[in-house]
Amino acid sequence: MTVTMSGKMVYRLAEGGADMVSLLGGKGAHASEMARIGVPVPPGFVITTETSLEYFRQGRRFPDGLWDDIVRHVHMLEEQTGRLFGDEDNPLVVSVRSGAPVSMPGMMDTILNMGVTDTTVAGLARMMGDERPALDAFRRLIQGFGDVVLGIPKARFETVLEDTKKRAGAGFDYELQPEALQGLISEFKGIIQEATGEPLSDDPWVLLKAAVEAVFNSWNNPRAITYREFQGISHNMGTACVIMAMVFGNLGNDSGTGVLFSRNPGSGERGLYGEFLPNAQGEDVVAGIRTPQRIQALHSAWPEIYGQIDETARQLEAHYKDVQDIEFTVERGKLYILQTRSAKRTASAAVRIAVELVSEGVLTQEQALGRVEAGEVSAVLMPHFVTEAKAAAMKEGRLLAEGVGASPGAASGVVVMDPDRVAAIADGGQPVILVRQETNPDDVHGIIKANGVLTSRGGMTSHAAVVTRGLGKPCVVGCEELRFEADGRATARGKSIAEGDVISLDGATGEIFIGEVEAVAPRPDELEELNTLLGWADGVRRLQVWANADTPEDAHRARANGAEGIGLCRTEHMFFAEERLRHIRRLLAIGPEASQLIRRVSELEEALENAPASEREAMQGRLEEAKAQCDSSEAVQGFHAELAELERFQTEDFYGIFKAMEGLPVVIRLLDAPLHEFLPDYGELVQEVAELTRRIEGDNRMEAWLNRGRDLVNRSAAELEKLTVGKRVTDWLSERVSLPQQADEEGLREELEEKERTLELVAHLRESNPMLGHRGCRVGLTMPEIYEMQVRAIVTAGCRLAEEGAPVRAEIMIPIVSHVNELKWLRPRLRAVASKTREALGIYVTYLFGTMIEVPRAALTADEVATEAEFFSFGSNDLTQMTFAFSRDDAESKFLNHYVETEILPRNPFNTLDTRGVGRLMRMATEAAREVDPEFPIGICGEHGGDPRSVAFCNELGLNYVSASPFRVPVARLAAAQSALGQIQAAD
Ligand code: ADP
Ligand code: MG
Ligand code: MG
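For what it's worth, the numbering used here labels the leading residue of the sequence shown as 458, then goes sequentially.
Laid out in structure tokens, this is it:
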């Protein structure tokens, strides 16, 4: 990319404005804006970002004319201030500040007190009426210049400063007397002489030029580059350089400096929030040298100044229509604002501030909707520590460590350090906190079962952070003070935790406590501001927001969060419960045989009807035979029995969900999962069978048992050492040392037989590519009895509610359709089942039959598919997998990160819709269906339905609804509104 110079390289503040951020940087543009609206900023000028880029292009040389421009503008500043740069009596002193178009706090450099030299320092002292601050300004200049411009390690100056303070008995910088400062200055000069071989120039112009170059160069210092990479900020923007007259906050007790927010950035509460240091320079607040006072203290100590500050903060807030983060300095009772920007705030503060700014008349409702990042809204609904409980834990010294809050929410649970052990403990009903150095895709099964995750490494974009945010679970990452010891403990701040201990973590604040800290999740109806904001969102959005919910509890939560329907109820999740899994496994074991026998009968019946008279008799005979075979088949009997059992479960499930939704639409997806998901792992089974066989048939059986016993005892002993004594020890033993069973050969044989049967089934159902294998409607076509059972359960549940007078809206969805013929075969068959069920119950409920669009072929032939379906729902996860030919798990664990890091892909397409590829298929399918019927209902039920930019795409595409997990529903509501208002757009 080539950027051409626009010509003008330097702008006076009066010439700029807030709309020139990319040219003047944030600091420069907003200083200009403040000057323009009459907020007191020191006079100054800005060298543009483009100039810094040109400087780099020319091999780090000033472009032609730049220096003359700078000199000319310094002269203008002299006129404005009535002071002269480098003048002995009346010197002008300036700061040379970096400022990029996006905030990069503390990453680049600023040099203060430029213009203080041997020649001018006495004059400055006279102007200040005090020698001390002038000398102090000089030593700060030398120190800053030495560090930033000359690259001399900070520590060299700091040690000298500390020594001097110690010798002088001064606790703080400002207590150093002129004599000591004089000494410091000459020592600092000595450091520079020694490091560079040259004395520090006394010519302020020479120093100024070097300072501007240093500010330009700081755009490319390693810190700044790393930060941009981490934040995904472009390297092509460059930095502006703001040169501004210095104001001094250290001229006595009527001076000072501070940083404030116009509202509390944590809670959003109205009122100034910040810190003030009397008799200090700006950098002292940030440096944390002295403990500042809370800004409220000024209210009584310094009412007039407080009034000025408050008024200016309000003025800035009203002007920017947003909460501001402000740096200010008071020089002899006069207030100067040095910087203002929109404040970073927590999600709940963002919501509260947006709503209150509307009631204060600062924002319109629509503007307020644009002020909250949709993706953050779910954070507001997350649990957090009860304030009093946390305070008590602090007081009891239970704070273990602090890390980076990576995914909001608070949780307590027992520490588990191995993801493989999480499930066993979590399934036993104990909440678990997974504690690791870092996580990777192999740990996901543990993360899913854990209530929270803590890692000692990684940042906001680490694996743990990304996965937990997706799951809506609390997570603290980068807790580097936590050290993992060889004995299996983890220590920090002199405390330690081990497996089995209880800890609590807050993923918003990054705090970790030992023991339990009570947490509460705000009830959505308690969140007045959020509800207000989302209410406004509902008023402007066109797109409906539904939720993915598999249980009545999920359904209730979804509705509490504002869902207007269920876009995806996955039936397979209902089969995973222990008492059901047995039935589904047996069903799968005997299903194929039984289904085939049943089919044979119906095929013969059909053939008989159409057969010529001459063949009838023979056929009748064959039919009788098949019927007899069917009736006497154990497989068929068992199959029907298992189906009946599952139907009973499913009817209850659907009844509960319909009831919870009170007549809102509920889309139920018929069985979709690859069948092996219901079965144990093949490799593990093979091993277990081999082991059992060896134990039963092995030559030295006694020997083997003995060895095994010894081994077990040794392992128990080793394991025992790691455990805290107590119940878990006995649990552990009873779980593993089932000695009586092992001694019982009968039992072993039975176990082996059972395992062999399962193995046979698993081997039979095993597929080399299950994602593309026997799943979804393909099972529906080969074993139609399963789908028929599900449809009967849906209709029965619906009828039962209808009988109770409750409204029901059922939509039955068929997954993995790739060819219209699949629907042509299934739909009439399932319809017939539904009608028969209704007739049998004597109650009439309506339902829709639709399909998921998740196989590219279905999208490509949507015109045909639409004729056999009453609605579409994009299964965007599978559609993404199949369009990219990525298996998600493999891609995410092997190469997708690399793709994103190297910009082969702009982002992970499983998080944000790939609009150009997957989105294009969605567009084709939508247009084709709407060609068939302009009102054809279409939604999306993949996780993308909760991603703001994907929601924007669906809105732009004209879908009827997005469906997201319950906790993402508020996100989708806001995003849908923002899209309707043009505040967000689909990803490119
Ligand atoms: P950063 O981007 O790192 O905050 P700044 O350019 O804002 O760097 O400056 C650092 C500190 O110097 C701030 O605390 C600011 O208040 C102070 N400062 C900058 N310019 C001036 C000035 N003209 N007069 C007084 N203090 C200043
Ligand atoms: Mg600043
Ligand atoms: Mg799917």
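Glycine included, every Cβ here is placed at the ideal spot set by N, Cα and C.
Consider the C-beta atom of residue i and the heavy atoms of ligand 2; say whether any pair is separated by less than 7 Å.
i      : result
Gln781 : no
Gln738 : no
Are the CB atoms of residue j and residue i within a distance shorter than 8 Å?
i       : j       : result
Glu853  : Gly967  : no
Thr505  : Leu481  : yes
Glu774  : Gln781  : yes
Val1375 : Pro1363 : no
Arg1249 : Thr1294 : yes
Arg596  : Gln634  : no
Val1170 : Cys1026 : no
Ala1342 : Met1381 : no
Ala804  : Val815  : no
Thr1324 : Val1389 : yes
Leu523  : Phe502  : no
Glu833  : Ala806  : no
Val933  : Gly964  : yes
Arg926  : Ser869  : no
Met491  : Thr797  : yes
Ile905  : Ala1012 : no
Val1408 : Gly1402 : yes
Nearest-angstrom Cα distance between residue i and residue j?
i       : j       : result
Ile851  : Thr896  : Rather than Ile, the amino acid found at residue 851 in this sequence is Met. Approximately 28 Å between the Cα atoms of the pair.
Ala1444 : Val879  : 37 Å
Asn678  : Met565  : 8 Å
Glu788  : Ala846  : 43 Å
Leu911  : Phe970  : 12 Å
Gln1198 : Gly903  : The predicted position of Gln1198 is uncertain, since its pLDDT is 44 and thus under 50; a value taken from the coordinates is nonetheless stated next. Their Cα atoms are separated by approximately 30 Å.
Pro1131 : Ala1006 : 20 Å
Gly464  : Asp521  : 11 Å
Arg1430 : Gln1442 : 15 Å
Met1228 : Glu1213 : 26 Å
Phe718  : Thr1008 : 44 Å
Thr461  : Val467  : Reliability fails at Thr461, whose pLDDT of 45 lies under 50, so the model's placement of it is uncertain and the value that follows must be treated cautiously. For Thr461 and Val467, the distance between alpha carbons rounds to 16 Å.
Ile1361 : Gln688  : 18 Å
Ala978  : Gly929  : 13 Å
Arg624  : Val605  : 27 Å
Gln887  : His1221 : 36 Å
Ala1004 : Cys1234 : 23 Å
Asn721  : Arg802  : 8 Å
Arg529  : Pro500  : 14 Å
Ser1436 : Pro1427 : 14 Å
Using a Cβ-based criterion (distance less than 7 Å to any ligand heavy atom), does residue i qualify as near ligand 1?
i      : result
Glu588 : no
Leu795 : yes
Glu784 : yes
Thr567 : yes
Ser552 : yes
Met694 : no
Val704 : yes
Pro558 : no
Phe516 : The displayed chain sequence assigns Gly, not Phe, to residue 516. Outside the cutoff, so no.
Lys801 : no
Pro656 : no
Lys791 : no
Met533 : no
Within 7 Å: the Cβ of residue i and any heavy atom of ligand 4?
i      : result
Lys611 : This structure lacks ligand 4; the ligands present are ligand 1, ligand 2 and ligand 3.
Runs of 4 residues minimum, wholly inside the stretch 663-690: which ones carry the alpha helix (DSSP H) assignment? 679-688
Go through the stretch 1223-1287 residue by residue and report every complete run of the beta strand (DSSP E) that reaches 3 residues or more, in order. 1266-1271
What are the complete beta strand (DSSP E) segments, minimum 3 residues, inside the stretch 843-881? 856-859, 861-864, 867-873
Which ranges does the beta strand (DSSP E) cover as unbroken runs of at least 3 residues, wholly within the stretch 479-510, from first to last along the chain? 501-504
Ignoring anything shorter than 4 residues, give me the alpha helix (DSSP H) runs that lie fully in the stretch 1380-1442, in order along the chain. 1405-1414, 1426-1437
Entirely enclosed alpha helix (DSSP H) segments - the stretch 1276-1341, minimum 4 residues: 1277-1298, 1313-1317, 1319-1324, 1333-1341
Which runs of the beta strand (DSSP E) at least 3 residues long sit entirely within the stretch 981-1006? Give them in chain order. 1001-1005
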